[in-house]
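Quick note, the sequences are listed as chains A and B, same order.
Just so it is clear: in the first sequence, position 101 is 101 by the numbering used here, and no numbers are missing.
Just so it is clear: in the second sequence, position 163 is 470 by the numbering used here, and no numbers are missing.
Below is one structure, written out as structure tokens; the observations come after it.
2 protein chains.
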Amino acid sequence: MPITVVGSVAFDTVETPFGRHERCLAGAATYFSLAASFFAPVRIIAVVGEDFTAAEEAVFSARKIDTRGIERAPGKTFFWQGSYLENLNEARTLRTDLNVFAGFEPKIPASYADSDFLFLANIDPVLQRRVREATPQAKLVAGDTMNYWIKDHKPALLEVLKGLDILLINDTEARMLAGNSNLVLAARAVMAMGPRMLVVKHGEYGATLFHKAVAGAQESRTFKTPAFPLEQVVDPTGAGDSFAGGFFGYLASQPELTPGAFRRAMFYGSVMGSFTVERFGTDRLQEITRKDIDERFNLFRELTHLD
Amino acid sequence: MPITVVGSVAFDTVETPFGRHERCLAGAATYFSLAASFFAPVRIIAVVGEDFTAAEEAVFSARKIDTRGIERAPGKTFFWQGSYLENLNEARTLRTDLNVFAGFEPKIPASYADSDFLFLANIDPVLQRRVREATPQAKLVAGDTMNYWIKDHKPALLEVLKGLDILLINDTEARMLAGNSNLVLAARAVMAMGPRMLVVKHGEYGATLFHKAVAGAQESRTFKTPAFPLEQVVDPTGAGDSFAGGFFGYLASQPELTPGAFRRAMFYGSVMGSFTVERFGTDRLQEITRKDIDERFNLFRELTHLD
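Structure, rendered in structure tokens:
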């Protein structure tokens, strides 16, 4: 079933211990779309500037991603520059130029109207809410956010959370949003804000899926996955968005959203995140095949299952 | 098969957000012994002072732990005081009184001579090596260490590593010992120092078992387990030692050390660590039964397995 995703398409300049890459095609919606496209049809809503050329367009079309929702605006595309030289787990932002993104007003093409799945990538919660309200047909809605919105735009974010089925955030964000350092209790508090499921991403340590308590079945509906072990993390940018794309894309490919489908989705999320960080930007997502994904999925199962 | 463990028996005064406990029976060898005793016969080598009474002795005898190797010395038992008020993941040491532990000379009772399993808990590597050399019959030898020995006593530690089959340490220690921040590469470097297996403990994020590379099978012999999710971590002290006890105790209970046995041992290690932190000191280890352990093992499998 088709997924609509709204979020950023950007150019990133990234420095890691493995080198420096100038103006990689990046942005949350880009990573999400590419990762999800291996599982389901993806339709993207974003804004880009005049520096977004046929070469970038080709990256999306190679994965059959519907770009009719990418608006071309006068000016430059969102630009981010970051460094992982001091800490490979957390970027230091050196520069952020919002450019055309500053005036982003998401427009949903009429052809996207039958998307049953909606993903609200990390953008201003006011925009997330607007897109959510404009897509009442969506049957499963997931979203992401970040510390900045939690800290300084909480009322708007709380409105978004009411309309989400699944929130995907990292450890720090979950603890900050809930005001509780115990992750199990933080998850419960976050789900009381709206989402019936919460995926907490632990970076190099994997992820946990929490479900809203159902009498007598609360604990057994939690699902934990470690991260796929990698010898070389070249560029961690986009790992979380790729996880979200693999997770949500896999769900959109399933005839029925069983508990087993959610578990496998967690594994596919980890697998997609693990590919992304092996090369700079979206390079790895552009070269892998569904066969590579399933091979790694099977290896990952071996690495984590008792028998 | 019986396990001999050498290490510290101590009294801890611990402060956490859940309260303060004075002079809990503690120490690495204590946590290890209690956790391992649910799986195999355990024999302990340690030193205690005159403040170690029949009440403490009874904690070991209730779990049928052989204490003939606990030497009674004039003076006081090793005492440690720590606080988790600022950070529940890392203790701030407020006081360490080595007391009788300062002159510890491990003596191995003749009745321990048929122990096939040997665990060298975190003590001076010079003593670890002495015990290793005095127990040539041991068929599987595992050990722990800490940042202090890695930093300031590396040559002695490297001698110990040559005699170990399995080293169990945490993330920071593995990275420090190897001088490499990538865990997969750090593990490979540590195993080149001697141990053919390395268990890296990630605290609230689980643990990873690495095997020395075997041609063509290297990756698939890594095993990752998340940690069991807990609503309340009352006192994290002893989690790593309890993990080691569950892990090594389970191995000692097995007729054959198959890859499957190591995988299940990782799960039992996580389970034992998760019990320990639910109450202060060894209180929880003193009250649980093998049935509680197996129930949590099964729940943990559900929380982590695809089907």
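Positions of the beta carbon are idealized from the N, C-alpha and C atoms, including for glycine.
### Query
Listed from N- to C-terminal order along the chain, which residues in the segment 554–579 of chain B have their beta-carbon within a distance smaller than 8 Å of any beta-carbon of chain A?
Gly567, Arg570, Arg571, Phe574
### Message
Between B/Asn489 and chain A, is any beta-carbon pair separated by less than 8 Å?
### Response
yes
#### Entry: Selection of the segment 69–101 of chain A by Cβ proximity to chain B, strictly under 8 Å
Leu88
### Query
So, using beta-carbon positions, are B/Ile473 and B/Ala449 closer together than 8 Å?
yes
### Query
Thinking C-alpha only, which one of B/Leu592, B/Gly567, B/Pro533 is nearest B/Cys331?
B/Leu592
### Message
Does the structure place the segment 347–357 of chain B close enough to the segment 387–395 of chain B that three or more beta carbon pairs sit under 8 Å?
### Response
no
#### Entry: Length of the line joining the Cα atoms of B/Gly567 and B/Gly576
14 Å
### Task
Run the CB neighbour count on B/Ser422, radius 10 Å, all protein chains shown included, and call it buried at 16 or more, exposed below.
buried
### Query
So, is the C-beta of B/Leu613 closer than 8 Å to a C-beta in chain A?
yes
### Neighbourhood of A/Gly186 by C-beta, 7 Å cutoff - its chain only, sequence neighbours within 5 removed
Residue 186 of chain A is actually Ala in this sequence, not Gly. So the list reads Ala174, Arg175, Ala178, Asn180, once near-sequence residues are dropped.
### Query
Should the segment 106–120 of chain A be called in touch with the segment 58–70 of chain A, which here means at least 3 C-beta pairs below 8 Å?
yes
### Query
Does the count of Cβ pairs from the segment 540–548 of chain B and the segment 308–328 of chain B closer than 8 Å reach three?
yes
### Query
Grouping DSSP H, G and I as helix and E and B as strand, with all else coil, what is B/Gln593?
helix
### Message
Using a Cβ-Cβ cutoff of less than 6 Å, which residues in the same chain neighbour B/Glu526 once the five nearest sequence positions on both sides are dropped?
### Response
Caution applies to B/Glu526, whose pLDDT of 47 falls short of 50 and renders its modelled position unreliable; the value that the coordinates give is listed next. Once the five neighbours on either side are set aside, B/Glu526 has no close Cβ partner at all.
### Start-end ranges of the beta strand (DSSP E) lying completely within the segment 104–171 of chain A, minimum 3 residues
117–120, 140–143, 166–170
### Query
Any chance the segment 569–585 of chain B sits against the segment 450–464 of chain B, with 3 or more Cβ pairs inside 8 Å?
no
### Query
To which residues of the same chain is A/Tyr31 closer than 6 Å at the C-beta, ignoring the five residues directly before and after it?
Gly238, Asp241, Ser242
### Query
Do you know how far the Cα of A/Leu164 is from the Cα of A/Pro195?
5 Å
### Task
Report back the beta-carbon spacing between A/Arg296 and A/Val271 to the nearest angstrom; my notes put them in contact at under 8 Å.
5 Å
### Message
Which residues in chain B have a C-beta closer than 7 Å to the C-beta of A/Arg301? List them in chain order.
### Response
Leu613
### Local conformation of A/Lys212 per DSSP, three classes
coil
### Closest residue to B/Leu401 among B/Phe408, B/Ala409, B/Gln388, B/Gly410 (Cα-Cα distance)
B/Gln388
#### Entry: Proximity winner among A/Arg221, A/Val184, A/Asp283, relative to A/Leu34 (alpha-carbon distances)
A/Asp283
### Message
Using the three-state DSSP reduction, which class does A/Phe262 fall into: helix, strand or coil?
### Response
helix
### Task
Look at the alpha carbon of B/Leu627 and the alpha carbon of B/Glu363, and state the distance between them as a whole number of angstroms.
In this structure chain B extends from 308 to 614, so residue 627 of chain B is not present and cannot be described.
### Query
What residues from chain A crowd round B/Leu492, counting only those whose CB sits closer than 7 Å?
Glu231
### Task
Using only alpha-carbon positions, find the residue among B/Ala317, B/Gly334, B/Gln444 that is nearest to B/Gly552.
B/Gly334
### Query
Can a CB atom of chain A be found closer than 8 Å to the CB of B/Thr323?
no
### Task
For B/Leu564, I'd like the list of residues in its chain whose CB is within less than 8 Å of its CB, leaving aside the five on either flank, ordered along the chain.
Leu447, Leu558
### Task
Would you give the residue range spanned by the beta strand (DSSP E) that B/Asp404 belongs to?
399–404
### Query
Hey, would you say B/Phe359 sits closer than 8 Å to B/Thr384, going by beta carbons?
yes
### Task
Taking B/Lys414 as the query, report the chain A residues whose CB atoms sit under 9 Å from its CB, ordered along the chain.
Within 9 Å Cβ-Cβ: nothing; B/Lys414 doesn't reach chain A, min ~40 Å.
### Message
Distance cutoff 8 Å, beta carbons only. Does A/Glu219 sit that close to anything in chain B?
### Response
Interpretation of A/Glu219 is limited by its pLDDT of 47, a score under 50 that renders its predicted location unreliable; the figure taken from the coordinates is listed afterwards. It does; some Cβ of chain B falls within 8 Å.
### Query
Would you report the Cα separation of B/Phe555 and B/Ala380, rounded to the nearest angstrom?
29 Å
### Message
Please report the distance separating the alpha-carbon of B/Thr442 from that of B/Leu516.
### Response
25 Å
### Message
Just to confirm the assignment, what range does the beta strand (DSSP E) spanning A/Gly7 have?
### Response
A/Gly7 -> no beta strand (DSSP E), and no H or E assigned at all.
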